[in-house]
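Since the structure comes first, as structure tokens, the remarks are kept for the end.
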Amino acid sequence: MSDLTKIPVTVITGFLGAGKTTLIRHLMANSGGRKLAVLVNEFGTVGVDGEILRQCADENCPDENIVELANGCICCTVADEFIPTIEALMARAQKPDHILIETSGLALPKPLLKAFDWPAIRSKITVDGVIALADAEAVAAGRFAPDVAAVDAQRQADDSLDHETPLSEVFEDQIGCADLVLLSKADLAGEEGLAAARAVIEAEAPRKLPILPLTEGVIDAKVVLGLEAAAEDDLAARPSHHDGADEHEHDDFDTVVIELPEIEDPASLVSAIERLAREQRILRVKGHIAVAGKPMRLLVQAVGERVRHQFDRPWGADPRRSALVVIAEHDDVDEAAIRAVLLGACEGASA
Numbered sequence: 001m002s003d004l005t006k007i008p009v010t011v012i013t014g015f016l017g018a019g020k021t022t023l024i025r026h027l028m029a030n031s032g033g034r035k036l037a038v039l040v041n042e043f044g045t046v047g048v049d050g051e052i053l054r055q056c057a058d059e060n061c062p063d064e065n066i067v068e069l070a071n072g073c074i075c076c077t078v079a080d081e082f083i084p085t086i087e088a089l090m091a092r093a094q095k096p097d098h099i100l101i102e103t104s105g106l107a108l109p110k111p112l113l114k115a116f117d118w119p120a121i122r123s124k125i126t127v128d129g130v131i132a133l134a135d136a137e138a139v140a141a142g143r144f145a146p147d148v149a150a151v152d153a154q155r156q157a158d159d160s161l162d163h164e165t166p167l168s169e170v171f172e173d174q175i176g177c178a179d180l181v182l183l184s185k186a187d188l189a190g191e192e193g194l195a196a197a198r199a200v201i202e203a204e205a206p207r208k209l210p211i212l213p214l215t216e217g218v219i220d221a222k223v224v225l226g227l228e229a230a231a232e233d234d235l236a237a238r239p240s241h242h243d244g245a246d247e248h249e250h251d252d253f254d255t256v257v258i259e260l261p262e263i264e265d266p267a268s269l270v271s272a273i274e275r276l277a278r279e280q281r282i283l284r285v286k287g288h289i290a291v292a293g294k295p296m297r298l299l300v301q302a303v304g305e306r307v308r309h310q311f312d313r314p315w316g317a318d319p320r321r322s323a324l325v326v327i328a329e330h331d332d333v334d335e336a337a338i339r340a341v342l343l344g345a346c347e348g349a350s351a
């Protein structure tokens, strides 16, 4: 097999809640006739993003071409899940024209790129490009990148200080591996926010990268697909904090699943999630909620104090099960305290 016959793969990375799923939904609906397959990797045992994408399945990306890898971070389960999944896709009579991989918000892209050199698949697929999404509003506010000057000044004053957080390392690794950076939520950031976020990205990037604004995941597929980067052959130009390490750990982060009763008032739940972000430093919340008297599921997605919710589809024959996946840095996960806040919202609204 020559390189020309390899199936291109686009790796879509980015921090928690940056808009990866929204971008993939847009690409599925605007594939330009390409037959797509989508691999979704979630941090936690309850898949939400894969189910959202299945609602967008069509003839160019049927339901069976949407595969969830929910047993751990994709960069840590390459041999167990990723390779067999790719082999299964390649064995189908109708192979996809292009594969999209949505990594979890905590995944490091580089270990995944190294997997493309595995003998079982290296002659069959190639990394067309790595797309990094960054929340423009958050980056502009300095939430996901360190203040390099301030850190250096404090280090000079006290050699024992190290203010580079796990979040910043993940962010920097994702930018360092990218072929294209999309600044999502551009409408919320505004022109000044976009300029500030662009400056942060340019300071972190190891090489000159195209940086484009993005709102609601809308972008011409020709800009994102067909980059022909062959990123697996260009690893040296994609530095990582974990270069030289055989593997990395996700002990810095933890996830819990909180099951809830039906709620009366979604606004009370939103307030509780905002409180968790403020008081317990919760990074991400996502899941489905049953609302009393409503036949449709309430889809909840939160990044910090920014909470979005909407009714997505009827429960139908599915059990009306309310469950939220809550993600934070390991030391900030107090399951009992999180459960108390969320249950308090449910009980308070029904009282």
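Numbering of the sequence shown is given in full-length UniProt numbering, commencing with residue 1 and proceeding in unit increments.
Built from N, CA and C at the ideal position, the CB exists for glycine as well.
Chain-order list of residues whose beta-carbon lies under 7 angstroms from that of residue i (same chain, five-residue window excluded)
{"i": "V341", "result": "A272, R275 and L276"}
{"i": "K6", "result": "K124, I125 and T126"}
{"i": "A196", "result": "A140"}
{"i": "V291", "result": "E262, I263, P266 and L298"}
{"i": "residue 354", "result": "Beyond the ends of the chain as shown, which are 1 and 351, falls residue 354; an answer cannot be given."}
{"i": "V270", "result": "V307 and H309"}
{"i": "E335", "result": "V256"}
{"i": "A157", "result": "Because A157 carries a pLDDT of 47, less than 50, the predicted location of this residue cannot be relied on, and no value is offered for it."}
{"i": "I24", "result": "I12, V38, L53, L100 and E102"}
{"i": "A221", "result": "L27, N30, S31 and G32"}
{"i": "K20", "result": "I12, G14, E102 and L133"}
{"i": "A153", "result": "Low local confidence applies: a pLDDT of 46 at A153 is under 50, so the model's placement there is unreliable, with the coordinate-based value given in what follows. Taken in chain order, the list of residues that qualify is empty."}
{"i": "L194", "result": "A136, L183, A186 and P213"}
{"i": "A337", "result": "Q280"}
Assigned exposure category for residue i - 16 Cβ within 10 Å defines buried
{"i": "residue 356", "result": "The shown model of the chain, from 1 to 351, leaves out residue 356, and the question about it has no answer."}
{"i": "V257", "result": "exposed"}
{"i": "D246", "result": "Because D246 carries a pLDDT of 49, less than 50, the predicted location of this residue cannot be relied on, and the following value inherits that uncertainty. Result: exposed."}
{"i": "K110", "result": "buried"}
{"i": "A37", "result": "buried"}
{"i": "E191", "result": "exposed"}
{"i": "D135", "result": "buried"}
{"i": "G287", "result": "buried"}
{"i": "R92", "result": "exposed"}
Residue nearest to residue i in terms of C-alpha spacing, selected from the options
{"i": "E305", "options": "G17, V9, V11 and T13", "result": "G17"}
{"i": "I131", "options": "V224, D312 and H288", "result": "V224"}
{"i": "Q280", "options": "A267, A328, F311 and D234", "result": "A328"}
{"i": "P210", "options": "L133, E68 and F15", "result": "L133"}
{"i": "residue 352", "options": "I282, V326 and E137", "result": "For the chain, the structure presents residues 1 to 351; residue 352 sits outside this window and is missing."}
{"i": "P8", "options": "I101, G19, F82 and V40", "result": "I101"}
{"i": "S104", "options": "R143, M90, V67 and N41", "result": "N41"}
{"i": "D254", "options": "A237, L283, D234 and L227", "result": "L283"}
{"i": "G226", "options": "K20, G14, L27 and G19", "result": "L27"}
{"i": "P239", "options": "G190, R92 and C177", "result": "C177"}
{"i": "A230", "options": "A221, A88 and D128", "result": "D128"}
{"i": "A29", "options": "S168, G217, P84 and V170", "result": "G217"}
{"i": "L106", "options": "V170, H330 and E228", "result": "V170"}
{"i": "R143", "options": "V303, R339 and G316", "result": "V303"}
{"i": "V285", "options": "V326, E232 and W315", "result": "V326"}
{"i": "D318", "options": "I338, A337 and I289", "result": "I289"}
{"i": "S168", "options": "K208, D332 and L108", "result": "L108"}
Contacting residues, own chain, Cβ-Cβ under 8 angstroms from residue i (five flanking each side not counted)
{"i": "L212", "result": "L180, V181, L182, L183, I219 and V223"}
{"i": "K294", "result": "F311"}
{"i": "R278", "result": "E305"}
{"i": "L235", "result": "K110, L113 and K114"}
Same chain only: Cβ atoms within 6 angstroms of residue i, ignoring 5 sequence neighbours per side
{"i": "C346", "result": "L260, P261 and I263"}
{"i": "T215", "result": "A186 and D187"}
{"i": "P206", "result": "G176 and P239"}
{"i": "L343", "result": "none"}
{"i": "L89", "result": "A37"}
{"i": "T22", "result": "G217"}
{"i": "R339", "result": "I258"}
Does the stretch 104-118 come into contact with the stretch 186-193, if we say contact requires no fewer than three beta-carbon pairs (one atom in each stretch) closer than 8 angstroms?
no
Scan the stretch 103-141 and note each continuous alpha helix (DSSP H) run of 4 residues or more that stays entirely inside, going in chain order.
Within the stretch 103-141, the complete alpha helix (DSSP H) runs of at least 4 residues are 109-115 and 136-140.
Can you confirm whether the stretch 22-39 touches the stretch 97-111 when touching is taken to mean that 3 or more C-beta pairs between the two stretches lie within less than 8 angstroms?
yes
For the stretch 290-300 and the stretch 316-327, state whether three or more C-beta atom pairs, one from each stretch, are separated by less than 8 angstroms.
yes
Residue ranges of each beta strand (DSSP E) within the stretch 160-237, 3 or longer
180-184 and 211-213
What are the start and end residues of each continuous beta strand (DSSP E) run of 3 or more residues lying completely inside the UniProt domain "CobW C-terminal" (253-346), in chain order?
253-260, 284-290, 296-303, 306-314 and 322-329
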